[in-house]
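Numbering (the numbering used here), first residue to last: 1 to 404.
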């Protein structure tokens with residue numbers, strides 16, 4: 001919220017009113033002088049060149065006029081005492097002039113008003129006591145005017161940030177829903193997100209998204225520190241990102257992601273151009289669903305069996321029922337060790353010794369459990385090639401839970 005206009009606590013006396021009315025008759029040359037002073041002495045106006053000369057002159061003229069009117073108490077404003085100052089603050093924020101340069105120009109204007117009033121007082125033979133009251137009045141008005149300028153500037157900044165966030169959200173929603181097939185939208189999205197239209201990307205879906213508003217910026221900056229270009233957006237409970245791939249394979253980008261991403265994430269294979277982002281988004285979301293409790297970042301290309309199972313949940317449950325149904329019907333005290341042994345047996349490609357290391361038991365215990373598993377499943381697990389159906393059934397059980 002902007003600061004509410006406030007009435008001056010020091011009332012304008014007859015001396016201040018008379019001097020202000022006299023100086024008001026030559027506001028135009030004072031505005032010329034102030035413009036010259038600002039352009040010569042305020043580096044922000046020179047370096048940025050965001051304020052046109054005619055705009056600067058009009059602002060100087062209007063604010064000098066209003067300050068003199070407030071000093072002299074010559075007008076009734078009906079709550080609009082600081083309209084010129086607030087208009088200037090809003091406009092300079094929209095133009096991108098740094099606020100320090102804006103406030104410096106108002107201090108220059110206040111000094112010019114004071115010098116003009118002092119010169120007029122000397123011409124009118126006004127003593128120092130009379131000038132003291134005028135000085136108090138001038139600097140109170142200048143301080144209050146500067147406060148209103150700053151408040152309007154910050155109000156405009158907040159509105160601009162909110163509008164930018166809304167536009168950015170709209171761009172992301174369009175990007176993820178396929179609107180980037182329109183070249184015009186694709187170029188606008190690339191400009192807004194500061195990425196190339198025809199770049200190769202991996203799409204990332206991570207969750208849970210941090211509620212810390214600075215987390216996204218820190219993630220982007222840390223990747224930039226690893227020379228990886230990315231752009232991110234919080235979308236509901238998830239964090240969605242585009243990561244630019246510069247080589248044939250995204251190995252370097254994936255290594256950087258694993259080192260900086262603090263939540264679980266799924267990553268798509270590379271997609272070509274912004275128009276293909278929706279495909280990558282769906283693939284990344286699917287890769288995220290394949291993650292186990294201890295997993296961090298998963299690439300879809302490394303999780304294709306799990307992805308296929310998730311895409312066909314009925315078939316996946318049928319695999320579990322067919323290959324593991326009898327085992328899962330056993331009481332938990334027996335089922336748990338047998339299931340852990342079976343997972344390790346499959347993971348080690350049928351090595352009894354390595355399975356024993358994983359489940360922390362003797363090799364003979366593993367062999368005994370395998371015989372019990374063969375009885376429970378009705379399949380000999382110790383001879384021949386590892387059945388692909390069994391491998392898939394175990395993965396389906398981990399992903400989907402036991403079949404009903």
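For every residue, glycine included, the Cβ atom is placed at its ideal position computed from N, Cα and C.
Just so we're clear, the structure is a prediction, and the values are computed from it rather than from any experiment.
Under a three-way DSSP split, which group does residue i fall into?
i           : result
residue 164 : helix
residue 80  : coil
residue 302 : helix
residue 386 : coil
residue 346 : helix
residue 23  : helix
residue 9   : Confidence in residue 9 is poor, its pLDDT being 40 and thus under 50, which makes the residue's placement too unreliable to answer from.
residue 394 : helix
residue 401 : coil
residue 329 : coil
residue 369 : helix
residue 264 : strand
residue 30  : helix
residue 16  : helix
Given a cut-off of 8 Å on the beta-carbon distance, is the pair residue i and residue j in contact?
i           : j           : result
residue 67  : residue 109 : yes
residue 310 : residue 286 : yes
residue 203 : residue 271 : yes
residue 189 : residue 176 : no
residue 358 : residue 370 : no
residue 64  : residue 117 : no
residue 267 : residue 304 : no
residue 376 : residue 366 : no
residue 27  : residue 120 : no
residue 21  : residue 72  : yes
residue 160 : residue 89  : no
residue 353 : residue 278 : no
residue 280 : residue 201 : yes
residue 246 : residue 222 : no
residue 218 : residue 232 : no
residue 283 : residue 400 : no
residue 97  : residue 149 : no
residue 208 : residue 249 : no
residue 244 : residue 195 : yes
residue 315 : residue 327 : no
What is the residue span of the beta strand (DSSP E) that residue i lies within?
i           : result
residue 207 : 200-207
residue 230 : 230-235
In terms of residues, what are the limits of the alpha helix (DSSP H) holding residue i?
i           : result
residue 256 : 251-260
residue 197 : Here residue 197 belongs to no alpha helix (DSSP H), and DSSP marks it neither H nor E.
residue 284 : 277-289
residue 243 : First-last for residue 243: 238-245, but that is the beta strand (DSSP E), not the alpha helix (DSSP H).
residue 216 : 215-225
residue 72  : 53-72
residue 44  : 43-48
residue 359 : 352-359
Count the CB pairs spanning the region 217-228 and the region 239-254 that are closer than 8 Å, and state whether there are at least three. Yes, the region 217-228 touches the region 239-254.
Output the residue ranges of the alpha helix (DSSP H) runs that lie fully inside the region 82-154 and measure 4 residues or longer, sorted by chain position. The region 82-154 contains these whole alpha helix (DSSP H) runs: 83-95 and 99-123.
Would you call the region 335-353 in contact with the region 385-404, where contact means no fewer than 3 C-beta pairs closer than 8 Å? Segments in contact, yes.
Within the chosen definition, does the region 121-130 reach the region 78-92 through at least 3 CB pairs nearer than 8 Å? Here the region 121-130 makes no contact with the region 78-92; the two share fewer than three CB pairs at distances below 8 Å.
Count Cβ pairs between the region 46-55 and the region 109-119 that sit closer than 8 Å; are there 3 or more? Touching, no, given that fewer than three Cβ pairs across the two stretches are closer than 8 Å.
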